[in-house]
Amino acid sequence: MRVREWARREGFNEQTVWQWCRENRMPVPFERMGTGTIIIHDPKYENQPAAPTANGRTVCYARVGSSDQKDDLQCQADRLKAFAINMGVEKPEVVTETGSGMNDKRRKLNRLLADPTVGTLIVEHRDRLARMNAGLVES
Numbered sequence: 011m012r013v014r015e016w017a018r019r020e021g022f023n024e025q026t027v028w029q030w031c032r033e034n035r036m037p038v039p040f041e042r043m044g045t046g047t048i049i050i051h052d053p054k055y056e057n058q059p060a061a062p063t064a065n066g067r068t069v070c071y072a073r074v075g076s077s078d079q080k081d082d083l084q085c086q087a088d089r090l091k092a093f094a095i096n097m098g099v100e101k102p103e104v105v106t107e108t109g110s111g112m113n114d115k116r117r118k119l120n121r122l123l124a125d126p127t128v129g130t131l132i133v134e135h136r137d138r139l140a141r142m143n144a145g146l147v148e149s
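For the sequence shown, our numbering gives the first residue as 11, with consecutive numbering after it.
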């Protein structure tokens, strides 16, 4: 879970938790993502039962419209991974893609949608999946 949520649940100031992470003094394990995001792995909260999902694996799908937004793509992927971990997914798979939301020939998305082993697809916003007609994919 993210620093803000862990600090709120444990009754600590968020800045104190950030300082503990910088100084490697956290009382529980944590992970620094490539973008600077810190994910706290508190066994007290991670051992809660996972949210019910469909059979199959859970995949996080991150997309940006152009290569100019590559930095945003990594941030989006980190947020999705943090969300999936917080929802009880042990090792979420993250798929990233650069391409227009209007283009229906996005190779990685089409593979995910055709793959019968994918049970849940997590996206940050509906428009990351499809600009229009996202309702056709929802189930």
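Backbone N, C-alpha and C fix where the C-beta goes; we use that ideal spot for every residue, glycine too. Nothing here was measured: the structure is a model prediction, and the numbers come from that model.
What do you get for residue i, buried or exposed, if any count of 16 or more other CB atoms within 10 angstroms of its CB means buried?
i	result
P102	buried
A124	exposed
P59	With a pLDDT of 48 at P59, under the threshold of 50, the predicted position of this residue should be treated as unreliable, though the coordinate-derived value follows. Looking at its Cβ environment, which holds fewer than 16 other Cβ atoms inside 10 Å, P59 is exposed.
K91	buried
R32	exposed
D88	buried
Check residue i in the structure and name its three-state DSSP category.
i	result
V133	coil
M11	coil
V27	helix
E56	helix
Per DSSP, which one or two residues make a beta bridge with residue i?
i	result
I48	R42
C70	V104 and I132
For residue i and residue j, which I take to be in contact (beta-carbon distance under 8 Å), what is that distance rounded to the nearest angstrom?
i	j	result
G44	Q86	Incorrect: roughly 12 Å between the Cβ atoms, too far for contact.
Are there three or more Cβ pairs, one per stretch, closer than 8 Å when the stretch 114-122 is compared with the stretch 64-73? The stretch 114-122 vs the stretch 64-73: in contact.
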